[in-house]
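Working notes, structure below.
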Amino acid sequence: MLATSCFKKDAVLPKKSPDSFEINLSIKGNQASYINLTNLQNSYDGKTANWHLKFQNDELGWYIYLNTLQNVAIHNTTETDYDLVDQDYNILDLPWQLDIPASQGSQPAIGEWGDFNFPNPKSFKNVYLISWNDGITSFVYKLQILDASTDRYHLRYGTLDGAITKSVWITKDKEHRHSYFSFKSGSDIQIEPKVNDWNFCFTYLQDSIISHKNIPHATTINKSFGLYQGVIINQSNTQIFLDTSNSFDDIDFFFARDLEYNTIDEIINLFYTWNINSQSIEASENLTLITKDENRYYALKAEELEGSSIEDIRIKLKIKQL
Numbered sequence: 000m001l002a003t004s005c006f007k008k009d010a011v012l013p014k015k016s017p018d019s020f021e022i023n024l025s026i027k028g029n030q031a032s033y034i035n036l037t038n039l040q041n042s043y044d045g046k047t048a049n050w051h052l053k054f055q056n057d058e059l060g061w062y063i064y065l066n067t068l069q070n071v072a073i074h075n076t077t078e079t080d081y082d083l084v085d086q087d088y089n090i091l092d093l094p095w096q097l098d099i100p101a102s103q104g105s106q107p108a109i110g111e112w113g114d115f116n117f118p119n120p121k122s123f124k125n126v127y128l129i130s131w132n133d134g135i136t137s138f139v140y141k142l143q144i145l146d147a148s149t150d151r152y153h154l155r156y157g158t159l160d161g162a163i164t165k166s167v168w169i170t171k172d173k174e175h176r177h178s179y180f181s182f183k184s185g186s187d188i189q190i191e192p193k194v195n196d197w198n199f200c201f202t203y204l205q206d207s208i209i210s211h212k213n214i215p216h217a218t219t220i221n222k223s224f225g226l227y228q229g230v231i232i233n234q235s236n237t238q239i240f241l242d243t244s245n246s247f248d249d250i251d252f253f254f255a256r257d258l259e260y261n262t263i264d265e266i267i268n269l270f271y272t273w274n275i276n277s278q279s280i281e282a283s284e285n286l287t288l289i290t291k292d293e294n295r296y297y298a299l300k301a302e303e304l305e306g307s308s309i310e311d312i313r314i315k316l317k318i319k320q321l
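Going by numbering that gives the first Met the number 0, the first residue of the sequence shown is number 0, and it counts up by one from there.
Put into structure tokens, the structure is as follows:
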């Protein structure tokens, strides 16, 4: 009598050919590109030059960031009387501050502008000097954060001579990770796609020059910091894992499913290195970015990079859903 048994074969998913995806960035043109991995669409932000402040929209998020691409920098006068900061204030040789890179993303130069232990923060009412540019002319304004709630921020700003003084409310739009404000238009403007419509934003990020000794950078108002090509990760829907040990072709769903993913906000110089001998940008050959978006997994790798300087760069990625 013969006994037979059936064994369930291991699941095998068919391999998919990777897609090619191209990103073109320019300091003076396309300063940001938002990527949606679900449909492999990107939207270029030619309006980056129009905004100066970026506000967290999370209900309990209170950070306010600066647009370094428009030479936005800040100085805390520690004065709380708005009217005392006027045209007689010495603005020469001020130690202008930029947002500081950290392990979990940029720490805002504005810092903790109030006591965040309350459901609605209690502002310290510090008056900040803020340097900004409209694309042609540079300005120095004064800025005071009056208060905030779970659905909006309240600011006062204007010129040092008092010729312009405005009070504005910035709404926390829950459909977007951040709200943006322009001193040029005096209003908030829409920059980002809706929160579920993007995974990555390829753009330029500031960091200390000493941290990237051999990599070229664009200059900023602070001589210790430069602008580098970087990637902002949408923490609302995207986690990442950086793999340098496996070939792109060998990475599959089952490998990706068992990884321990990180939730971080941004990475600088992710897909490239700088060849000192040829003075050119080169793709990072051994790096694959593996991402998790809910129960979907993707692998991204740089195929080609072109650019004689960091200020204009073309990145060709190959991307596959696992």
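Just so you know, even glycine gets a beta-carbon here, dropped at the ideal spot from N, CA and C. In this text, all values refer to a predicted model and were calculated from it rather than measured experimentally.
Name the DSSP bridge partner or partners of F224? On the sequence shown, residue 224 is found 225 positions in, with the first residue counted as 1. F224 pairs with S207.
Straight-line Cα distance separating P215 from R155:
In the sequence shown, the residue the question calls residue 155 occupies position 156. In the sequence shown, the residue the question calls residue 215 occupies position 216. In a straight line, the C-alpha of R155 is about 38 Å away from that of P215.
Open item on the list: Quick check on the burial criterion: 16 or more other C-beta atoms within 10 angstroms. Buried or exposed for E100?
Closed with: As a working note, residue 100 is residue 101 in the sequence shown. With the sequence shown as reference, residue 100 is identified as Pro, and Glu is not the correct amino acid for it. When all chains shown are included, P100 counts as buried.
Range covered by the alpha helix (DSSP H) that runs through F254
Position 255 of the sequence shown, counting from 1, holds the residue named residue 254. Counting along the chain, the unbroken alpha helix (DSSP H) around F254 starts and ends at 252-256.
Item checked: Coarse secondary structure for V84, derived from DSSP in three states -> Here residue 84 refers to the residue found at position 85 when the sequence shown is read from its first residue. In the three-state DSSP reduction, V84 falls in the coil class, being neither helix nor strand.
- Task: Drop a sphere of 10 angstroms on the beta-carbon of K173, count the other beta-carbons inside from all chains shown, and report buried for 16 or more, exposed for fewer.
- Result: For this step, residue 173 is matched to residue 174 along the sequence shown. Taking every protein chain shown into account, the CB of K173 has fewer than 16 other CB atoms within 10 angstroms, so this residue is exposed.
Please go through the same chain and pick out, in chain order, the residues whose beta-carbon is closer than 8 Å to the beta-carbon of T149, but skip the five residues on each side of it.
One-based indexing of the sequence shown puts residue 149 at position 150. The residues are E58, L59, P118, N119, K171.
*DSSP three-state call for L68: helix, strand or coil?*
Indexing the sequence shown from 1 puts residue 68 at position 69. It is helical.
| query | Just the Cα atoms here: how many angstroms apart are A147 and D187? | reply | Locating residue 147 in the sequence shown gives position 148, counting from the first residue. Locating residue 187 in the sequence shown gives position 188, counting from the first residue. Whole-angstrom Cα-Cα distance: 15 Å.
* Asked: Considering only residues of the stretch 266-321, which uninterrupted beta strand (DSSP E) runs meet the minimum length of 3 residues and lie entirely inside it, listed in chain order?
  -> At a cut-off of 3 residues, the continuous stretches assigned as beta strand (DSSP E) that sit fully inside the stretch 266-321 are 271-274, 279-282, 287-292, 295-308, 311-320.
Point to revise | Distance, N268 Cα to F247 Cα | key: Translated into the one-based positions of the sequence shown, residue 247 becomes position 248. Translated into the one-based positions of the sequence shown, residue 268 becomes position 269. Distance between the alpha carbons of F247 and N268 is about 19 Å.
| message | Just verifying my parser: in three-state terms, what is the DSSP assignment at N49? | response | As a first step, residue 49 must be located in the sequence shown, where it is residue number 50. Three-state result, N49: helix.
Quiz item: Can you tell me the Cα-Cα spacing of I169 and H175, whole angstroms?
Solution: By 1-based counting over the sequence shown, the position of residue 169 is 170. By 1-based counting over the sequence shown, the position of residue 175 is 176. Between the C-alpha atoms of I169 and H175 there is a straight-line separation of about 13 Å.
- Task: Along the beta strand (DSSP E) that carries G157, what are the first and last residues, could you check?
- Result: Taking the first residue of the sequence shown as position 1, residue 157 is located at position 158. That run of the beta strand (DSSP E) goes 151-158.
Margin query: Assuming T77 is part of the beta strand (DSSP E), what are its boundary residues?
Written below: As a working note, residue 77 is residue 78 in the sequence shown. DSSP places T77 in no beta strand (DSSP E); its state is neither H nor E.
- prompt: Going by other Cβ atoms of all chains shown within 10 Å of its Cβ, with 16 needed for buried, is I90 buried or exposed?
  reply: Start at 1 with the first residue of the sequence shown, and residue 90 comes out as number 91. The residue in question, I90, is exposed, as its Cβ has fewer than 16 Cβ neighbours within 10 Å.
At the level of alpha carbons, what is the spacing between L304 and I26? As a first step, residue 304 must be located in the sequence shown, where it is residue number 305. As a first step, residue 26 must be located in the sequence shown, where it is residue number 27. Looking at the two C-alpha atoms, the distance is approximately 16 Å.
### Beta-carbon proximity of N274 to E281, cut-off 8 Å
In the sequence shown, residue 274 corresponds to position 275, counting from 1. In the sequence shown, residue 281 corresponds to position 282, counting from 1. It is a contact, given that the beta carbons lie within the stated cut-off.
Check your understanding: Are Q205 and L97 close, meaning C-beta to C-beta below 8 Å?
Key -> Indexing the sequence shown from 1 puts residue 205 at position 206. Indexing the sequence shown from 1 puts residue 97 at position 98. Taking 8 Å as the cut-off, the beta carbon of Q205 is found closer than this to the beta carbon of L97.
* Which listed residue (N198, I314, D249) has its alpha carbon closest to that of N359 -> Past the edges of the chain, shown from 0 to 321, lies residue 359, and the structure says nothing about it.
Self-check item: Stretch pair the stretch 310-318 + the stretch 252-261: three plus CB contacts closer than 8 Å
Solution: Judged by Cβ distances under 8 Å, the stretch 310-318 makes no contact with the stretch 252-261, as fewer than three pairs qualify.
Return helix, strand or coil for N119, following the three-state DSSP convention.
Within the sequence shown, the letter at position 120 stands for residue 119. Coil.
DSSP state of F247 mapped onto helix, strand, coil: Taking the first residue of the sequence shown as 1, we reach residue 247 at position 248. Assigned with DSSP and collapsed to three states, F247 falls in helix.
task = Apply the 10 Å Cβ neighbour rule to K222 and answer buried if 16 or more other Cβ atoms are within range, or exposed otherwise.
result = Taking the sequence shown and counting its residues from 1, the one referred to as residue 222 is at position 223. Label assigned to K222: exposed.
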